[in-house]
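Chemist: Residue numbers (this note's numbering), protein chains in the order written: chain S, 151 to 539; chain A, 151 to 539. The structure under discussion is supplied below as structure tokens; questions concerning it will follow.
As structure tokens, then:
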């Protein structure tokens, strides 16, 4: 186990009807709020009205900015920053999923920064201050509601980049599983895959002696694997929705990677897929993760055996560890397929003509190599994309 | 799953040599520190000198109060409060295990309270403010380093009582597993049992639909169960010490009981054992827990089957669930015995003559009943003590 620091101070307010407390919770931190959200979904569902009522009842003044799209955009963030400054905003309230939260995090730090907020995403600067951010979560997937992470896309520059700053953890996250009942099946499945990826990419580590966090990752994976089919079969299964929602948050607080290095190569490759054709992040991960596993498993067959046996209940062949390892990978891929996700690049219209762009973008900021479980160079990535074809 | 609020903001600084950063960490919160500790152990080990050096190097001024005993006492807390007030202390630094931390929490809230700090422990008042508390942990057991809990004993009144206040969570916990190498085997085993109890008493819940937190509890239990024998065999096994230390903290932050009710009857009964003869808390729990299980398991045989199979790898008899449930309980008891702990009241010199006092004290503040997995009245507790004889 490596030395580590860990602090996850986001207050979680979880359960039925909790979204109606948003005004009261917001008032603890701000009096002039930027209400930030996506498209029409929260208006159609009535959530928008309920949030506005709660803010109004609590005497919280607000301005608003909708229009966040999946893979949130830098240009909208700049508009949000301008609105925040012009209106003396002192709190950003995200109502939505990971894209809305990520956009809110960027606005909240950008509003207090003299330079271009993009600096935080391309490694030029780190935010020293931020407006507080609160969340009403509607999509369990990105884990952004309690994480230090966010991802932003500069459409003009054709660039999608992650940032990780402790200062960007939200103050509170209000999580009512009922708000997720209306998620379409495909989006539900994509969310499950994203959550699973957050556990899997922590799980496959080169760090030794990490039993507790291994078991925590397994706990998270087993929970999501078991409950995603339940909510696909019955979208208003509160208990199953709640399991997925809570696991999704906890997995991405970093508790599950304390003392260990993760390997985020699959996430990084997936970001390139999304930037090519806006494929949902979880769907892209369902394609890349099994291919990545297939290519890297020989780095640590024992770990893949543990994964196969504990996570997928694969029968262990004690005399042929590779067989067991491969069975775990096969089950991963079969599972993604079973919940309705693509498992090949062909299914999302990405072909060999895109490979060099994907590889080039991935390695250009990584000094030619990326990943930690296995260090990947251009040829390695090409091989992974070939497997994923 | 029940609705819940959860926030665990304690900053964890974990790993080798981390205790040497205590001065720098303390300085973020205070400039006049009460350094609070137990007996001679930290002086003999050199830790005291290292902490003093670190504080001095960071320019932190301090006064000190040693002498905390296991089952920390109200009278010493009163002395600490007086010292804190007389010296304008603005931060309490606990260097030790659960007793030192609990004593520090009480001093930190008591120093800002006009009444008697005991009010917080007998339900008369809740603290509205506290001095910040920091921790250098030397004993993985109580989980107090990041929890809202503390326990205090009023020797004069013959009373030992717990308190749970969010405000009492420490600001930081510095955790270097190397500091635990010198723990004697018995104390190491007692710590493991206490940590296991924190997971077990969350695990046996009447709340339905709590899969994720079930699995988290199992992850914690499996980690401690596997690693305690390793450190008993080799006290300087860093990896195993680290697993136990980190699991012990996380289990007691309340993350593992989010959305579910726990059953703390065994802890409550154990407090009475300790108040009779100062038996180590973990040893008392090793006696009470299996007896409690034996008495209550019919309330939810399925849950005990899950516990037996997942935590103890017991062979499942699909046609006789009770047999499997009982096997899990038998393995729990056998395990405690195997790590050198007592498993009967006779071994610690507590006999039938004490039973009525134990029962009376337990139920007097519980309106005649306590526990939630099964509501226990006087007769139930008598039966549990009989099993534990």
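Cβ atoms here follow ideal geometry from the backbone N, Cα and C, with glycine treated the same way. Treat the numbers as computed from the prediction; the structure is a model and nothing was measured.
Run through chain A and tell me which residues come within less than 8 Å of residue 162 of chain S, C-beta to C-beta.
Modeler: Position 12 of the first chain, counted from the start, is the residue given in the question as residue 162 of chain S. Near residue 162 of chain S (Cβ distances below 8 Å), the residues of chain A are 154, 155, 156, 157, 408.
Chemist: Helix, strand or coil, according to DSSP, for residue 512 of chain A in the structure here?
Modeler: Position 362 of the second chain, counted from the start, is the residue given in the question as residue 512 of chain A. Correct three-state label for residue 512 of chain A: helix.
Chemist: Examine chain A for any beta-carbon lying closer than 7 Å to the beta-carbon of residue 197 of chain S, and answer yes or no.
Modeler: In the first chain, residue 197 of chain S corresponds to position 47, counting from 1. By this cut-off, residue 197 of chain S is not an interface position.
Chemist: Beta carbon of residue 418 of chain A, beta carbon of residue 303 of chain A: below 7 Å?
Modeler: In the second chain, residue 418 of chain A corresponds to position 268, counting from 1. In the second chain, residue 303 of chain A corresponds to position 153, counting from 1. Result no, Cβ atoms of residue 418 of chain A and residue 303 of chain A do not sit closer than 7 Å.
Chemist: Quick one: list the residues of chain A neighbouring residue 166 of chain S, beta-carbon separation under 9 Å, in chain order.
Modeler: Indexing the first chain from 1 puts residue 166 of chain S at position 16. Ordered by position in chain A, the residues that pass the 9 Å Cβ test against residue 166 of chain S are 153.
Chemist: Just the chain A side, please: which residues come within less than 9 Å of residue 400 of chain S by C-beta, in chain order?
Modeler: Locating residue 400 of chain S in the first chain gives position 250, where the first residue counts as 1. Near residue 400 of chain S (Cβ distances below 9 Å), the residues of chain A are 362, 366, 405, 408.
Chemist: Which residues in chain S have a C-beta closer than 9 Å to the C-beta of residue 563 of chain A? List them in chain order.
Modeler: There is no way to answer for residue 563 of chain A, as the model of chain A reaches only from 151 to 539.
Chemist: Ignore the nearest five residues each way along the sequence and tell me which others in residue 319 of chain S's own chain have a CB closer than 6 Å to its CB.
Modeler: The count along the first chain starts at 1 and reaches residue 319 of chain S at position 169. Result list for residue 319 of chain S: 160, 298, in chain order.
Chemist: In the DSSP assignment, what are the bridge partners of residue 187 of chain A?
Modeler: Looking up residue 187 of chain A in the second chain gives position 37. According to the DSSP secondary-structure assignment, residue 187 of chain A is paired through a beta bridge with A:245.
Chemist: Give the straight-line distance between the Cα atoms of residue 490 of chain A and residue 347 of chain A, rounded to the nearest whole angstrom.
Modeler: Numbered from its first residue, the second chain carries residue 490 of chain A at position 340. Numbered from its first residue, the second chain carries residue 347 of chain A at position 197. Whole-angstrom Cα-Cα distance: 16 Å.
Chemist: Can the beta-carbon of residue 442 of chain S be found closer than 7 Å to that of residue 500 of chain S?
Modeler: For the purposes of this step, residue 442 of chain S is taken as the residue at position 292 of the first chain. For the purposes of this step, residue 500 of chain S is taken as the residue at position 350 of the first chain. No, the pair does not count as a contact, with Cβ atoms beyond the cut-off.
Chemist: Nearest to residue 331 of chain S by CA position, among S:368, S:469, S:288, is which residue?
Modeler: Residue mapping note: residue 331 of chain S aligns to position 181 of the first chain, counting from 1. The shortest C-alpha to C-alpha distance from residue 331 of chain S to any of S:368, S:469, S:288 is the one to S:288.
Chemist: Using a Cβ-Cβ cutoff of less than 6 Å, which residues in the same chain neighbour residue 366 of chain A once the five nearest sequence positions on both sides are dropped?
Modeler: Counted from its first residue, the second chain places residue 366 of chain A at position 216. If we look at residue 366 of chain A and ignore the five residues flanking it on each side, its Cβ neighbours are 406.
Chemist: Among S:515, S:522, S:511, S:523, which one has its Cα closest to the Cα of residue 532 of chain S?
Modeler: Position 382 of the first chain, counted from the start, is the residue given in the question as residue 532 of chain S. Closest in alpha carbon position to residue 532 of chain S, among S:515, S:522, S:511, S:523, is S:511.
Chemist: Do residue 356 of chain S and residue 522 of chain S have their C-beta atoms within less than 7 Å of each other?
Modeler: Counted from its first residue, the first chain places residue 356 of chain S at position 206. Counted from its first residue, the first chain places residue 522 of chain S at position 372. A contact, by the Cβ cut-off of 7 Å.
Chemist: In chain S, which residues lie with their C-beta within 9 Å of the C-beta of residue 341 of chain A?
Modeler: Looking up residue 341 of chain A in the second chain gives position 191. For residue 341 of chain A, no chain S residue has a Cβ inside 9 Å of its Cβ, as the nearest lies near 15 Å away.
Chemist: Tell whether a beta-carbon distance below 7 Å holds between residue 256 of chain A and residue 245 of chain A.
Modeler: Here the question's residue 256 of chain A lines up with position 106 in the second chain. Here the question's residue 245 of chain A lines up with position 95 in the second chain. At least 7 Å separates the beta-carbon of residue 256 of chain A from that of residue 245 of chain A.
Chemist: Let me know if residue 167 of chain S comes out buried or exposed under the rule of 16 or more other beta-carbons within 10 Å of its beta-carbon.
Modeler: Here residue 167 of chain S is taken as the residue at index 17 of the first chain, counted from 1. Taking a 10 Å sphere around the C-beta of residue 167 of chain S, we find fewer than 16 other C-beta atoms and assign the residue as exposed.
Chemist: Taking only beta-carbon positions, decide if residue 323 of chain A is within less than 7 Å of chain S.
Modeler: In the second chain, the residue the question calls residue 323 of chain A occupies position 173. With 7 Å as the cut-off, residue 323 of chain A does not count as an interface residue toward chain S.
Chemist: Cutting at 7 Å between CB atoms, please list the residues of its own chain near residue 446 of chain S, excluding the five before and the five after it.
Modeler: For the purposes of this step, residue 446 of chain S is taken as the residue at position 296 of the first chain. Excluding sequence neighbours, residue 446 of chain S sits near 523, 524.
Chemist: At least one CB of chain A closer than 7 Å to the CB of residue 373 of chain S: is that the case?
Modeler: The residue given as residue 373 of chain S occupies position 223 in the first chain. With 7 Å as the cut-off, residue 373 of chain S counts as an interface residue toward chain A.
Chemist: Looking only at DSSP bridge pairs, what is residue 312 of chain A linked to?
Modeler: Here the question's residue 312 of chain A lines up with position 162 in the second chain. Its beta-bridge partners are A:301.
Chemist: If we count the other Cβ atoms within 10 Å of its Cβ and call it buried at 16 or more, is residue 199 of chain A buried or exposed?
Modeler: For the purposes of this step, residue 199 of chain A is taken as the residue at position 49 of the second chain. With fewer than 16 Cβ atoms within 10 Å of its Cβ, residue 199 of chain A is classed as exposed.
Chemist: Looking only at its own chain, which residues have a Cβ that is under 8 Å from the Cβ of residue 379 of chain S, when we skip the five neighbours before and after it?
Modeler: To locate residue 379 of chain S, count along the first chain from 1; it is residue 229. Hits under 8 Å: 488, 489.
Chemist: Strictly under 7 Å for the Cβ-Cβ distance: is residue 369 of chain A near chain S by that measure?
Modeler: Position 219 of the second chain, counted from the start, is the residue given in the question as residue 369 of chain A. Contacts with chain S at 7 Å (Cβ-Cβ) include residue 369 of chain A.
Chemist: Helix, strand or coil: which one does DSSP assign to residue 367 of chain A?
Modeler: Here the question's residue 367 of chain A lines up with position 217 in the second chain. Of the three classes helix, strand and coil, the one that applies to residue 367 of chain A here is helix, per DSSP.
Chemist: Do the region 474–484 of chain S and the region 433–440 of chain S make contact, defined as three or more Cβ pairs closer than 8 Å?
Modeler: yes
Chemist: Using beta carbons (cut-off 7 Å, strictly below), is residue 397 of chain S in contact with chain A?
Modeler: As a first step, residue 397 of chain S is located in the first chain; it is residue number 247 there, counting from the start. It does: the Cβ of residue 397 of chain S has a partner Cβ on chain A nearer than 7 Å.
Chemist: Taking buried to mean at least 16 other C-beta atoms within 10 Å of its own C-beta, is residue 410 of chain A buried or exposed?
Modeler: The sequence position of residue 410 of chain A within the second chain is 260, counting from 1. Residue 410 of chain A comes out buried.
Chemist: As a quick exercise: from A:493, A:234, A:506, pick the residue whose alpha carbon is nearest that of residue 537 of chain A.
Modeler: The residue labelled residue 537 of chain A in the question sits at position 387 within the second chain. The residue with the shortest Cα to Cα distance from residue 537 of chain A is A:493.
Chemist: In terms of residue numbering, what span does the beta strand (DSSP E) encompassing residue 161 of chain S cover?
Modeler: The residue labelled residue 161 of chain S in the question sits at position 11 within the first chain. Residues 154–164.
Chemist: To the nearest angstrom, how far is it from the Cα of residue 312 of chain A to the Cα of residue 242 of chain A?
Modeler: Indexing the second chain from 1 puts residue 312 of chain A at position 162. Indexing the second chain from 1 puts residue 242 of chain A at position 92. Rounded to the nearest whole angstrom, the C-alpha separation of residue 312 of chain A and residue 242 of chain A is 20 Å.
Chemist: Which chain A residues sit within Cβ distance under 8 Å of residue 376 of chain S?
Modeler: As a position in the first chain, residue 376 of chain S is number 226, starting the count at 1. Per Cβ cutoff of 8 Å: 361.
Chemist: Please list the segments of the alpha helix (DSSP H) lying wholly inside the region 199–234 of chain S, counting only runs of 4 or more residues, in order along the chain.
Modeler: none
Chemist: Would you be able to state if there are at least three C-beta pairs under 8 Å between the region 179–196 of chain A and the region 211–231 of chain A?
Modeler: Three or more beta-carbon pairs separated by less than 8 Å link the region 211–231 of chain A to the region 179–196 of chain A, which places the two stretches in contact.
Chemist: Looking at C-alpha atoms only, which residue of A:475, A:326, A:432 is the closest neighbour of residue 390 of chain A?
Modeler: Here residue 390 of chain A is taken as the residue at index 240 of the second chain, counted from 1. For the residues A:475, A:326, A:432, the minimum Cα distance to residue 390 of chain A belongs to A:326.
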